[in-house]
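J.: Sequential numbering from 32 applies to the sequence shown in the numbering used here.
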Amino acid sequence: MATQDYFKELKKLKYAEEHDLVSDLINQNNWINNPDISQNASLIVENCRKDRNKTRLDSFFLEYGLSNQEGVALMCLAESLLRIPDNQTCDEIIEEKIGGKKWLDHFNKSPSIFVNATTFGLFLAEQVVELDKSISANPISWFQGLTSRIGDPVLREAIKKGMEILSEEFVSGIDIDDALNKFDSPKIPCSFDMLGEAARTQSDVDFFFDAYENAIRKVGEKNALLSSSFHEISIKLSAIHQRYEATKKDRVTSELLERVYELCLQSAQHDIALTIDAEEQDRLELSLYLIKELASRKKIQDWGGLGLAIQAYGKRAPIIVKFIEELASQRNGMMMRLVKGAYWDQEIKIHQTKGAPDLPVFTSKSFTDINYLATAKIISETKNIRPYFATHNAHTIAGIMDLYKGRENEFEFQRIFGMGDLTYRNAKKVYEDFPLTRVYAPVGSKKELLPYLVRRLLENGANSSFVNKYLSKEIPVSDVVKNPIEIASANLEEGNFLKIVPRPMDIFSNRDNSIGFDFGDLEDIKELENNMKDFHNNEFKACSIY
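Shown next as structure tokens:
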């Protein structure tokens, strides 16, 4: 298929009708119903529950998941506290999130000393007052007045420090040197990513470009010592261009493309893989255009380390795989990381606000899980793509293993640093041959890291809710590893997905939403620019009508 045809298909599928699309995915992927998948997934979860060697984060999320108000309060507090500049606002958010929660309900519920110490500390934080006789005389009144003193400077700093300690469970390193020292063992391959928000200024661009160059050099040197292309690098295009958007395609092509090409040249020189992270759906066409241009550059055609991430919550994931396979067949292969997606709520809000024809992402987790496995099947049938399957979900792991039975050396799994170790450790007990598991390791200061990770937990509840459910003995294993096709079929039949997340046109109860323009569609932008040319030389005069 010609490149132009792929982009037409991308345009067609962006706002495809969800019911029909999911129905087709279910009909085309009956293999997901294989009972061996659910059976093996159940074994993984059962092994995890029996495993006493849980990480502190596993224990923490088991007790403080997103299913209780204390867990949500902690996530919100952690996400915001470390980046609030003034003490007064810090005090207010501490009082709001810590006060009035039932912390002692969680005390001694976990076998983890870390979790119980955290719980007791949070309880004490809620009760920082001098004890007096009023406690026994009127305990309800006393408890209600406790949070008024929670703004004490010592307490504020203590809670900040506690949030920093929690964040260290996710930190691979404050810089690339620190991160590489943590992974001195040749048994744990990593994909390092420099954390931070999208660039807003040229100084931001320069900072991130220098950070990427330094990381490539340091990782290359480390790999040379290990005598293998062991560790890898991930980059975010929005970090190295302040106007990375479809409306600036010409500028992005002349500036950003050359920056990425330079990073690719350096990666090829050091023989390390470089993966371009997935971002918002409105940037997808532009990113694929840039990747197409990169893939055709002669100086890096023999380097097989060029890769990209694909988000399975996007409706276009399967066609992207076919497009990349076409590019990969014309060079020495390409890499691909398949993820569920981390910008879900943002995508919903953006497209509802701008009056899009529909949503570019699936509205149900079960729909995303099916699309993930459907996309994985397409990947498994390619010849020129080396895949990484990024997931912490036992059923998804079992599905991938079923797809690649007897070909376990043809792919890798990937987990986030600080999460998933328990799951993969016990998955290895279920399968005789288990592939390499790579760690996605964010690098950066705690101030940058914690908001990033908490946003991912809140935006993509699949991660934390799965951790919370699969370790809880109160929830049947069969519920944790339920076939997503079974869940999705029920949702389609009852129309629940339309009730939970309304389409952009239906967000108002008494009228249709106004129709917006898709500034992420390269073809539509080009048509708009051509229409505007007719008016470039026109002169318009404005004056009062009176």
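Even for Gly, the Cβ is constructed at its ideal location relative to N, Cα and C.
(1) Quick one: Cα of N64 to Cα of N58, how far?
(2) Where do the ends of the alpha helix (DSSP H) carrying L319 lie?
(3) How big is the Cα-Cα spacing for K380 and A387?
(4) Measuring CA to CA, which of K414, Q273, D55 and Q445 is closest to S360?
(5) Take A354 as the anchor and find which of P535, G345, I322 and F448 has the nearest alpha-carbon.
(6) May I ask you to list the residues that DSSP assigns as paired with E560?
(7) Note down, in chain order, each residue of its chain lying with its Cβ closer than 6 Å to the Cβ of I506, except the 5 sequence neighbours on either side.
(8) Evaluate the contact criterion for the segment 368 to 382 versus the segment 398 to 407: three or more CB pairs, one atom per stretch, below 8 Å.
(9) For the putative contact between L317 and V352, defined by C-beta atoms under 8 Å, what is the C-beta separation to the nearest angstrom?
(10) Leaving out five residues before and five after E560 in sequence, what residues of the same chain have Cβ atoms less than 8 Å from its Cβ?
(11) Output needed for N169: all residues of its chain with C-beta closer than 6 Å, excluding positions within five of it in sequence on either side, in chain order.
(12) Counting only the same chain and skipping the five closest in sequence on each side, list residues whose C-beta sits under 6 Å from that of K460.
(13) Using only alpha-carbon positions, find the residue among V512, R80 and E49 that is nearest to N457.
(14) Could you please give me the residues that DSSP links to M366 through a beta bridge?
(15) How about E40 and I350: do their beta carbons lie closer than 8 Å?
(16) With distances taken Cα to Cα, identify the nearest neighbour of D510 among R542, K330 and A72.
(17) Mind the definition here: the segment 250 to 270 touches the segment 287 to 296 only if three or more C-beta pairs lie below 8 Å; say whether that holds.
(18) Within its chain, find whatever has a CB closer than 7 Å to the CB of V236; leave out the 5 residues flanking it on each side and keep chain order.
(19) For Y471, which of helix, strand or coil comes out of DSSP?
(20) So, at 6 Å on beta carbons, what are the nonlocal neighbours of E244 in its own chain, with the 5 sequence-adjacent residues on each side left out?
(21) Using a Cβ-Cβ cutoff of less than 6 Å, which residues in the same chain neighbour T384 once the five nearest sequence positions on both sides are dropped?
(22) Nearest-angstrom Cα distance between Q312 and E570?
(23) With a threshold of 7 Å on Cβ separation, who are the neighbours of P418 within its own chain once the five nearest residues in sequence on each side are excluded?
(24) DSSP state of R446, grouped into three classes?
(25) Relative to the alpha-carbon of L319, which residue among I447, L305, K557 and G338 has its alpha-carbon at the smallest distance?
(26) Is the beta carbon of K45 less than 8 Å from the beta carbon of P391?
(27) Residue ranges of each beta strand (DSSP E) run of no fewer than 3 residues wholly in the segment 232 to 281, ordered along the chain?
(28) On a CA-only basis, which of R328, E252 and N440 is nearest N212? Give me that one, please.
(29) Cα-Cα, which of I556, D333, F393 and E412 is closest to A47?
(30) Helix, strand or coil for F154 per DSSP?
(31) Can you tell me which of the three DSSP states T454 falls into?
(32) Looking at the unbroken beta strand (DSSP E) that takes in K390, where does it start and where does it end?
(33) Within 10 Å of its beta-carbon, does P220 have 16 or more other beta-carbons around it, so buried, or fewer, so exposed?
(34) Starting from C427, follow its DSSP beta bridges and name the residues at the other end.
(35) Near D206, which residues of its chain fall below 7 Å by C-beta distance, leaving aside the five closest residues on each side in sequence?
T.: Put simply:
(1) For the purposes of this step, residue 64 is identified with residue 33 of the sequence shown, where counting begins at 1. For the purposes of this step, residue 58 is identified with residue 27 of the sequence shown, where counting begins at 1. Near 11 Å, if we compare the C-alpha coordinates of N58 and N64.
(2) Along the sequence shown, read from residue 1 onward, the residue named residue 319 stands at position 288. L319 -> alpha helix (DSSP H) spans L315 to A326.
(3) Counting from one through the sequence shown, the residue named residue 380 turns up at place 349. Counting from one through the sequence shown, the residue named residue 387 turns up at place 356. Those two C-alpha atoms are separated by around 11 Å.
(4) Within the sequence shown, residue 360 is the residue found at index 329, counting from 1. That would be K414, whose Cα lies nearest to the Cα of S360.
(5) In the sequence shown, residue 354 corresponds to position 323, counting from 1. In the sequence as displayed, the identity of residue 354 is Phe instead of Ala. Nearest of P535, G345, I322 and F448 to F354, Cα basis: I322.
(6) As a working note, residue 560 is residue 529 in the sequence shown. Per DSSP, none; premise fails for E560.
(7) Residue mapping note: residue 506 aligns to position 475 of the sequence shown, counting from 1. Correct list, in chain order: K500.
(8) yes
(9) Within the sequence shown, the letter at position 286 stands for residue 317. Within the sequence shown, the letter at position 321 stands for residue 352. Actually they do not touch by this definition, with Cβ atoms about 18 Å apart.
(10) Along the sequence shown, one-based indexing puts residue 560 at 529. Cβ within range, chain order: n/a, list empty.
(11) Against the sequence shown, residue 169 aligns to sequence position 138. Annotation note: pLDDT 47 at N169 (below 50); position unreliable, coordinate value reported separately. No residues qualify anywhere along the chain.
(12) Position 429 of the sequence shown holds residue 460. Excluding sequence neighbours, K460 sits near N78.
(13) Here residue 457 refers to the residue found at position 426 when the sequence shown is read from its first residue. Looking at the Cα atoms, R80 is the closest of the given residues.
(14) Working through the sequence shown from its first residue, we reach residue 366 at position 335. M366 is bridged to G338 and R417.
(15) Numbered from 1 along the sequence shown, position 9 holds the residue referred to as residue 40. Numbered from 1 along the sequence shown, position 319 holds the residue referred to as residue 350. Against a cut-off of 8 Å, the Cβ pair of I350 and E40 comes out as a contact.
(16) Numbered from 1 along the sequence shown, position 479 holds the residue referred to as residue 510. Nearest of R542, K330 and A72 to D510, Cα basis: A72.
(17) yes
(18) To locate residue 236, count along the sequence shown from 1; it is residue 205. Here the set comprises A230, I271, H272 and Q273.
(19) In the sequence shown, the residue the question calls residue 471 occupies position 440. In this structure, Y471 counts as strand in the three-state DSSP scheme.
(20) On the sequence shown, residue 244 is found 213 positions in, with the first residue counted as 1. Nothing meets the Cβ criterion.
(21) Translated into the one-based positions of the sequence shown, residue 384 becomes position 353. Excluding positions up to five away in sequence, the list is empty.
(22) One-based indexing of the sequence shown puts residue 312 at position 281. One-based indexing of the sequence shown puts residue 570 at position 539. Distance between the alpha carbons of Q312 and E570: 37 Å.
(23) Reading the sequence shown from its first residue, position 387 is the one you call residue 418. Cβ neighbours of P418 beyond the five flanking positions: M367, L369, I410 and F442.
(24) Numbered from its first residue, the sequence shown carries residue 446 at position 415. In this structure, R446 counts as strand in the three-state DSSP scheme.
(25) What you label residue 319 is simply residue 288 of the sequence shown in a count that begins at 1. Closest option to L319, Cα to Cα, is G338.
(26) The residue given as residue 45 occupies position 14 in the sequence shown. The residue given as residue 391 occupies position 360 in the sequence shown. Contact: yes.
(27) 263 to 266
(28) Residue 212 sits at position 181 when you count from the first residue of the sequence shown. The option with the nearest alpha carbon to N212 is E252.
(29) In the sequence shown, the residue the question calls residue 47 occupies position 16. Nearest C-alpha to A47: F393.
(30) By one-based count along the sequence shown, residue 154 stands at place 123. Residue confidence is low: F154 scores 40 on pLDDT, short of 50, so the model does not pin down where it sits. No coordinate-derived value is stated.
(31) The count along the sequence shown starts at 1 and reaches residue 454 at position 423. Here T454 sits in helix by DSSP.
(32) Working through the sequence shown from its first residue, we reach residue 390 at position 359. Note on residue identity: the sequence assigns Leu, not Lys, to residue 390. Here L390 belongs to no beta strand (DSSP E), and DSSP marks it neither H nor E.
(33) For the purposes of this step, residue 220 is identified with residue 189 of the sequence shown, where counting begins at 1. When all chains shown are included, P220 counts as buried.
(34) Walking along the sequence shown from the start, residue 427 turns up at place 396. For the sequence presented, residue 427 should be read as Thr rather than Cys. T427 is not bridged to any residue.
(35) Indexing the sequence shown from 1 puts residue 206 at position 175. The residues are V474.
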